[in-house]
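Input: a single structure, listed below in structure tokens.
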Amino acid sequence: MGIREAVRIALAMIRANKMRAFFTVLGTVVGVTFLIAVITLLKGMDAYMKEEFAGRIVGHNTVLLRRVPELGEDPQTEDQWREWMRRPLFSQNEAEWLAANVTTPGLLSYSYDQSARVGNGRGKELSGVNIIGANENFFRVREMDIQAGRPFSRQEAQRGVPVIILGVEVADALFPGLNPVGQTVRVAGLPYRVIGLLEKQGAIFGFTMDRMAIAPAKSPVNGGVWEQAGKVEDISFQVPRGELVPQAESEITGLARTLRRLRPREENNFSVETAEGSLGFWEKINGFLMMALPMLVGVSLIVGAVVIMNLMLVSVSERTREIGIRKSLGARRVDILTQFMIEAGTLSGFGGLLGIALGIGLAQLVSAVSPLPARVSGGAIGLAMFLGIGVGLVAGVYPAWRASRLDPIVALRSE
Amino acid sequence: MSTAPIIQARDLQKHYDLGAETVRALRGVNLEIHRNEYVAIMGPSGSGKSTFMNLIGCLDTPTGGEYVLNGQKVAGMKEDDLARVRNREIGFVFQTFNLLPRSTALENVELPLVYGGFGKKERRERAVQALEHVGLGDRMDHRPSQLSGGQRQRVAIARALVTRPSIILADEPTGNLDSVTSEEIMALFADLHAQGQTIIMVTHEPDIAAHAERVVTLKDGVIASDRRQTPVVPAPHRQRAEVAVGAGV
Numbered sequence: 044m045g046i047r048e049a050v051r052i053a054l055a056m057i058r059a060n061k062m063r064a065f066f067t068v069l070g071t072v073v074g075v076t077f078l079i080a081v082i083t084l085l086k087g088m089d090a091y092m093k094e095e096f097a098g099r100i101v102g103h104n105t106v107l108l109r110r111v112p113e114l115g116e117d118p119q120t121e122d123q124w125r126e127w128m129r130r131p132l133f134s135q136n137e138a139e140w141l142a143a144n145v146t147t148p149g150l151l152s153y154s155y156d157q158s159a160r161v162g163n164g165r166g167k168e169l170s171g172v173n174i175i176g177a178n179e180n181f182f183r184v185r186e187m188d189i190q191a192g193r194p195f196s197r198q199e200a201q202r203g204v205p206v207i208i209l210g211v212e213v214a215d216a217l218f219p220g221l222n223p224v225g226q227t228v229r230v231a232g233l234p235y236r237v238i239g240l241l242e243k244q245g246a247i248f249g250f251t252m253d254r255m256a257i258a259p260a261k262s263p264v265n266g267g268v269w270e271q272a273g274k275v276e277d278i279s280f281q282v283p284r285g286e287l288v289p290q291a292e293s294e295i296t297g298l299a300r301t302l303r304r305l306r307p308r309e310e311n312n313f314s315v316e317t318a319e320g321s322l323g324f325w326e327k328i329n330g331f332l333m334m335a336l337p338m339l340v341g342v343s344l345i346v347g348a349v350v351i352m353n354l355m356l357v358s359v360s361e362r363t364r365e366i367g368i369r370k371s372l373g374a375r376r377v378d379i380l381t382q383f384m385i386e387a388g389t390l391s392g393f394g395g396l397l398g399i400a401l402g403i404g405l406a407q408l409v410s411a412v413s414p415l416p417a418r419v420s421g422g423a424i425g426l427a428m429f430l431g432i433g434v435g436l437v438a439g440v441y442p443a444w445r446a447s448r449l450d451p452i453v454a455l456r457s458e
Numbered sequence: 004m005s006t007a008p009i010i011q012a013r014d015l016q017k018h019y020d021l022g023a024e025t026v027r028a029l030r031g032v033n034l035e036i037h038r039n040e041y042v043a044i045m046g047p048s049g050s051g052k053s054t055f056m057n058l059i060g061c062l063d064t065p066t067g068g069e070y071v072l073n074g075q076k077v078a079g080m081k082e083d084d085l086a087r088v089r090n091r092e093i094g095f096v097f098q099t100f101n102l103l104p105r106s107t108a109l110e111n112v113e114l115p116l117v118y119g120g121f122g123k124k125e126r127r128e129r130a131v132q133a134l135e136h137v138g139l140g141d142r143m144d145h146r147p148s149q150l151s152g153g154q155r156q157r158v159a160i161a162r163a164l165v166t167r168p169s170i171i172l173a174d175e176p177t178g179n180l181d182s183v184t185s186e187e188i189m190a191l192f193a194d195l196h197a198q199g200q201t202i203i204m205v206t207h208e209p210d211i212a213a214h215a216e217r218v219v220t221l222k223d224g225v226i227a228s229d230r231r232q233t234p235v236v237p238a239p240h241r242q243r244a245e246v247a248v249g250a251g252v
């Protein structure tokens with residue numbers, strides 16, 4: 044007997060007993076729903092972490108060179124922490140040297156940041172503004188768009204002209220309802236001319252990115268606000284394509300070792316990070332959840348399998364006569380076995396489909412009412428379908444084997 | 004008959020081991036049935052006729068003796084080989100019809116061909132032909148519950164015929180039918196026999212056995228009598244024959 048024939052019989056059985064079929068596969072539905080919902084949310088979270096979070100902090104296709112890591116591992120020991128704190132910062136001149144000597148195509152930016160008070164000179168002040176001193180490439184590397192005015196130029200950056208670009212929150216606080224471009228602000232008392240207004244940046248995990256102002260690194264804040272005059276915290280090198288990231292990473296590492304005059308055996312006394320590579324903490328959480336998931340899903344699927352097995356046994360005993368008829372007409376053991384296996388697989392496959400639909404729905408619901416993003420993954424759907432059908436096949440083996448072993452004479456005589 | 008018998012039972016025995024005692028249902032049956040014979044097997048309950056039918060129908064294997072069906076030694080066969088022999092050589096007709104309730108008449112008739120490995124197109128053609136043969140060409144899409152008892156038994160007969168088996172094995176085929184319908188079914192059997200079909204019918208009703216040309220009676224697990232007779236021609240068959248003759252003139 045062909046598989047299509049068996050599937051057709053299975054579908055007819057499901058149609059004839061819709062309620063029972065539903066309750067039979069409930070365990071499978073729950074397991075698969077859970078699987079899909081959790082994977083969908085984790086994948087969404089993963090994409091968010093990699094594309095949004097790490098992208099915003101490290102930058103897309105970007106290699107981040109720092110004294111200590113920005114996102115990666117925390118120091119493991121007290122000694123390591125002390126070693127990190129002893130490391131020197133890179134200087135603005137070193138950053139310029141890197142930009143001049145790197146051969147991988149790309150754009151290099153450097154920056155430092157320090158919190159300071161910003162006033163409009165007429166009594167309005169805002170404290171705790173993140174003052175960023177940067178070179179002219181910073182806006183492009185960090186993908187920060189200007190909604191009014193302009194960024195500062197290379198000449199302004201080189202000469203340290205006191206010009207500044209304000210974040211939305213700063214502009215709203217100091218110049219409510221006015222165009223801030225052309226106004227003058229005082230950054231820790233230092234006068235700056237506002238030449239641009241940033242697009243709204245939003246928040247990352249609740250931390251606002253709009254309470255900031257960006258000025259040339261060599262302008263008066265260098266030493267005036269930022270005490271380590273001439274130094275920088277972040278050096279970012281952005282390459283045009285993702286596949287260049289590894290090459291850039293190794294070249295920047297090599298150049299930084301040259302700057303630090305490290306011998307071949309000496310370890311790096313600086314950190315090189317990429318958005319993809321620096322999410323160690325997230326990978327740990329993600330990995331843990333992905334490990335826990337199979338156990339949670341497994342429990343529901345095992346329950347589901349037990350229910351399916353029991354109902355298949357009921358089905359076999361109810362249909363003993365049918366099995367007898369089929370055997371009398373020439374069905375071999377393997378025909379009966381296949382028929383019941385396919386029935387169980389079809390049944391739980393339906394449960395799988397239902398679970399996939401419910402799981403996607405659940406994930407969408409969760410992402411609609413919470414900041415957690417959802418991302419449906421084809422792999423998860425495939426896995427869910429595989430598990431769904433697999434549960435039925437595993438659960439169906441014993442009932443199907445019992446059916447195939449029935450004595451045709453006894454089976455024909457049953458009511 | 005000069006040809007080899009289609010059924011050859013030699014010293015056929017069947018014992019059931021019930022722990023403490025052994026029931027000897029068949030104690031050595033010798034029987035030959037040739038192609039195109041119409042045999043009724045009779046006997047009171049407990050005579051072993053059901054056991055004998057199960058053996059002839061390859062639903063069971065004998066404890067001792069030999070059984071050759073259409074040249075094949077059935078006695079030592081494994082279950083799957085028996086299934087193949089049932090599929091190819093035997094068309095069962097049961098007292099309780101034994102149709103699949105959720106399948107249409109056509110699907111029921113197609114079923115043995117499904118297990119015989121026939122393609123969809125050939126299955127359909129042969130099933131339609133078999134249903135037309137038993138006069139149910141207009142009821143093919145009906146489910147058993149939508150058919151009368153006589154019609155159900157016709158579907159079962161079509162199902163038995165569709166594989167073109169060596170023998171039709173009917174077990175009390177009229178046991179669940181009223182006398183008029185029984186006569187119709189007997190007329191159909193007479194037609195099939197006239198067309199060359201070998202029919203073996205197990206019954207305890209002498210009226211029904213009267214339609215066969217040979218009556219084998221079992222008693223206490225052995226053959227008590229084996230006699231030939233002139234079959235009674237069923238009433239509807241006579242009528243139809245007259246109509247056919249009239250139409251032909």
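Chain order of the listed sequences is A and B.
Under the working numbering, think of the first position of the first sequence as 44, with each following residue one higher.
Under the working numbering, think of the first position of the second sequence as 4, with each following residue one higher.
C-beta atoms are modelled at their ideal positions from N, C-alpha and C, and glycine is treated no differently.
Item                                                                                                                          : Value
Cβ-based neighbour list, PRO168/B, same chain, cut-off 8 Å, excluding 5 preceding and 5 following                             : ARG91, GLU92, ILE93, GLY94
Helix, strand or coil at LEU221/B [DSSP, three-state]                                                                         : strand
Cβ contact check for the stretch 375–385 of chain A and the stretch 430–447 of chain A: 3 or more pairs under 8 Å             : yes
Beta-carbon spacing of ILE189/A, ILE174/A below 9 Å                                                                           : no
Partner residues on chain B for GLU48/A, Cβ-Cβ distance less than 7 Å                                                         : VAL117
Contact set between the stretch 367–391 of chain A and chain B, restricted to residues whose Cβ is under 8 Å from the partner : GLY367, ILE368, ARG369, LYS370, SER371, LEU372, GLY373, ALA374, ARG375, ARG376, VAL377, ASP378
Positions along the stretch 5–30 of chain B whose CB lies within less than 7 Å of some CB in chain A                          : none
Run of the beta strand (DSSP E) containing LEU150/A, from where it starts to where it stops                                   : 150–162
Residues that DSSP places opposite GLN244/A in a beta bridge                                                                  : Answer is none; GLN244/A lacks a bridge partner.
Neighbour-count burial assignment, ALA250/B, 16 or more Cβ in a 10 Å radius                                                   : Because the pLDDT at ALA250/B is just 40, under 50, the model does not fix this residue reliably, and the value given afterwards should be weighed accordingly. So ALA250/B ends up on the exposed side.
Spatial distance of GLU216/B from LEU114/B (CA atoms)                                                                         : 31 Å
Contact list for GLU128/B against chain A, beta-carbon separation under 8 Å                                                   : What GLU128/B touches in chain A: nothing, since even the nearest Cβ is about 17 Å away.
For HIS18/B: DSSP bridge partner residues                                                                                     : ARG27/B
Presumed contact (8 Å Cβ cut-off) between LEU426/A and MET384/A, rounded CB distance                                          : The Cβ separation is near 21 Å, so there is no contact.
Rounded straight-line distance, which links the Cα of ASN163/A to that of SER314/A                                            : 38 Å
Same chain, Cβ closer than 6 Å to ALA247/B, neighbours up to 5 away in sequence not counted                                   : Because ALA247/B sits at a pLDDT of 43, beneath the cut-off of 50, its placement in the model cannot be relied upon, and the following sentence gives the value as read from the coordinates. Around ALA247/B: no qualifying Cβ.
Interface flag, PHE97/B vs chain A, CB-CB below 9 Å                                                                           : yes
Enclosing beta strand (DSSP E) for PHE95/B [first to last residue]                                                            : 93–96
Test: ILE57/A CB closer than 9 Å to a CB of chain B                                                                           : no
Span of the beta strand (DSSP E) around TYR70/B                                                                               : 67–72
Alpha-carbon to alpha-carbon, ARG38/B and HIS240/B                                                                            : Any answer about HIS240/B is weak, because its pLDDT of 49 lies below 50 and its placement is not dependable; what the coordinates show is given next. Each residue's Cα considered, the two are about 22 Å apart.
Residue span of the alpha helix (DSSP H) that contains PRO91/A, given as start and end                                        : In the sequence as displayed, the identity of residue 91/A is Tyr instead of Pro. Here TYR91/A belongs to no alpha helix (DSSP H), and DSSP marks it neither H nor E.
Whether VAL75/A touches ILE399/A by CB criterion (9 Å)                                                                        : yes
Check: LYS61/A C-beta below 8 Å from any heavy atom of the ligand COA                                                         : Summarising the ligand content, the structure contains no ligands, and the ligand COA is consequently not present.
Of the listed residues ILE171/B, ARG127/B, SER185/B, nearest to ARG155/B (C-alpha basis)                                      : SER185/B
Bridge partners - TRP124/A, DSSP secondary structure assignment                                                               : TRP124/A pairs with nothing; no bridge assigned.
Short Cβ contact (9 Å threshold) for GLU365/A with LEU103/B                                                                   : yes
Distance, GLY367/A Cα to VAL235/B Cα                                                                                          : 34 Å
Residue environment, MET255/A, which counts as buried when at least 16 other CB atoms sit within 10 Å                         : buried
Three-pair Cβ contact test at 8 Å for the stretch 124–132 of chain B versus the stretch 190–208 of chain B                    : no
Host beta strand (DSSP E) of PRO451/A (start-end)                                                                             : Run containing PRO451/A: none in the beta strand (DSSP E); it sits in the alpha helix (DSSP H), 451–456.
Identity of the residues DSSP links to ARG109/A by a beta bridge                                                              : SER314/A
Residue nearest to SER261/A in terms of C-alpha spacing, selected from ALA200/A, GLY166/A, THR67/A, PHE133/A                  : A small correction: the amino acid at residue 261/A is Lys; Ser does not occupy that position in the sequence shown. It is ALA200/A.
From ALA318/A, GLN290/A, ALA258/A, residue whose alpha carbon lies closest to that of VAL230/A                                : ALA258/A
Same chain, Cβ closer than 8 Å to VAL88/B, five either side skipped, listed in chain order                                    : CYS61, LEU72, GLN75, VAL77, MET80
Span separating the alpha-carbon of ALA55/A from that of MET252/A                                                             : 59 Å
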